[in-house]
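Chains as they are written, first to last, in this note's numbering: chain A, 336 to 553; chain B, 336 to 553.
C-beta: ideal position from N, C-alpha, C; glycine also.
These numbers were taken from a predicted model, which means no experiment stands behind them.
Encoded as structure tokens, the structure appears first; notes follow it.
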DNA sequence: CTGCATTTTGACCAAGTAGTCAAGTTTTTG
DNA sequence: CAAAAACTTGACTACTTGGTCAAAATGCAG
């Protein structure tokens, strides 16, 4: 009867069994798929349970509330999602570092569009579940990288540009291809699926942004 | 007892009374507010009715289905949303035309963020209600403007750039400020509300994109 | 002012959905 | 190889919510 999380109330607080590990993974994978397509309200526990191949009460044995699945998923995803930003090397060459960052983001948008959409949907609706994450983790990281970029600008290695807006532009542009996939497909048609499309996208995005911030003669 | 739409079954097909006009407007305004915040599934008819100041059955007298309100709203919004793109003048100066377009889009994002979010949410979820609009109206318009941009590139008036990706980048960047408002606020804090923030944004976006596509020496 | 059309709403219904429960099955452990 | 712990599920409940309906209130044309 004990909930998966609670133990005998005096033993070691955290102990995950093999089965727990497997099933939580199954649930989270299924949930990512469903939540990213239908949003929080649009998703039913039954949908997730079916996709995960288990009964609803069983699913609720692992995550007592729908919210729990959702929040766990967002936390898992966000950390991974931010990794590339953290990798920007303050000592590296500015243009090279930003090229690498943009390329990584475009690749992520193609390889994990569900994660991007899950996040986009949450923010679009006011980020009720992750507002704290945004101010406590995202902001400090962005502040840090923004000051690096600002220094680069000061050293004349980049054209004068507001670092925050530059970062927003990179996010917006790269995630657009995941979040607005349907629209991109409606306009560009069959090209989208074709091999090489990602390279073509990367090339176009890199060309505009990097030339847009390359230092210019005054 | 007749539905608002049907008349005495043989009279002039379309006749909207004063009251109808007022109430439909009240409903659509309220609905834009609610739908853009909570999405289609997350919105209840009761919420809209309350915000519109009328009873639920009364609201359903004007729009027999929740879907009807939603679709009407999207159609109204989309036309307005695309207007700036149509205004790009093939005979004008390329950089000037694109500057004007970007500026208009940024202004719209600030003045009508709900419209942007309504649309973003719909596309994010696969655009079930407007897929047809995308291929029948949006695509042709984009194709047309893309060929104008391609011609400009051919004439050496712009750096070599894929016109479709350029348009996507402009959309992504400008709408980001409406759709991801919460995130922008979490990172930039109180600056966002301040007068002049829009100008600062416009300046940053214009600087990067326009310099990114300005013709360069080979 | 009167009678018909339009508008408005309280009460209600059916479907869908988050979450519970108690009883069963499987796995682990001493 | 028991006995305990962990896992699983059918059946159920409480609640939300889209939509109906019949009757009342209001507006309006002649």
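Here residue 426(A) carries a coil assignment [DSSP, helix/strand/coil]. When rounded, the separation of the alpha-carbon atoms in residue 467(B) and residue 459(B) is 15 Å. With a 10 Å radius around the Cβ and a threshold of 16 neighbouring Cβ atoms, residue 478(A) comes out exposed.
By the neighbour-count criterion, in which a residue is buried when 16 or more other Cβ atoms sit within 10 angstroms of its Cβ, residue 534(A) is exposed. Taking 8 Å as the cut-off, the Cβ atoms of residue 425(B) and residue 483(B) count as close. Following the DSSP letters along the chain, one finds residue 527(A) in no alpha helix (DSSP H), marked with neither H nor E. With fewer than 16 other Cβ atoms inside 10 Å of its own Cβ, residue 356(B) counts as exposed. Sixteen is the threshold: since fewer than 16 other Cβ atoms of the shown chains lie within 10 Å of the Cβ of residue 428(B), the residue is exposed.
For the region 359-387 of chain A, the full-length alpha helix (DSSP H) segments reaching 4 residues or more read 380-387 along the chain. Within chain A, no residue has its CB atom less than 9 Å from the CB of residue 403(B), the nearest being about 19 Å off.
The contact set of residue 508(A) on chain B, defined by CB atoms closer than 7 Å, consists of 504, 507, 508 in chain order. Proximity of residue 482(B) to chain A, defined by a Cβ-Cβ separation below 8 Å, is not satisfied.
Our two residues, residue 442(B) and residue 491(A), have alpha carbons roughly 31 Å apart in a direct line. The beta carbon of residue 531(A) does not come within 8 Å of any beta carbon belonging to chain B, so the residue lies off that interface. For residue 398(B), there is no enclosing alpha helix (DSSP H), since its DSSP letter is neither H nor E. Interface flag for residue 497(A) against chain B is set, since a Cβ pair is found closer than 8 Å.
For residue 457(B), the uninterrupted alpha helix (DSSP H) run begins and ends at 448-459, by DSSP.
Within a 10 Å sphere around the beta-carbon of residue 489(A) sit fewer than 16 other beta-carbons, which makes this residue exposed.
The region 389-402 of chain B makes no contact with the region 400-417 of chain A: fewer than 3 CB pairs, one atom from each, lie closer than 8 Å. A residue is called buried when at least 16 other Cβ atoms come within 10 angstroms of its Cβ; residue 378(A) meets this threshold and is buried. The Cβ atoms of residue 452(B) and residue 525(B) do not sit closer than 8 Å to each other. What residue 376(B) touches in chain A, judged by beta-carbon distance under 8 Å, is 373, 374, 376, 377, going in chain order. Looking at 462(B), 493(B), 449(B), 444(B), the one whose alpha-carbon comes closest to that of residue 366(B) is 449(B). Sorting 412(A), 546(A), 464(A) by C-alpha distance to the C-alpha of residue 493(B) places 546(A) at the top. Chain-order list of chain A residues neighbouring residue 456(B): 459, by C-beta distance under 7 Å. At a cut-off of 8 Å between beta carbons, residue 518(A) contacts chain B. For residue 466(A), the neighbours in chain B by C-beta distance under 8 Å run, in chain order, 517, 521.
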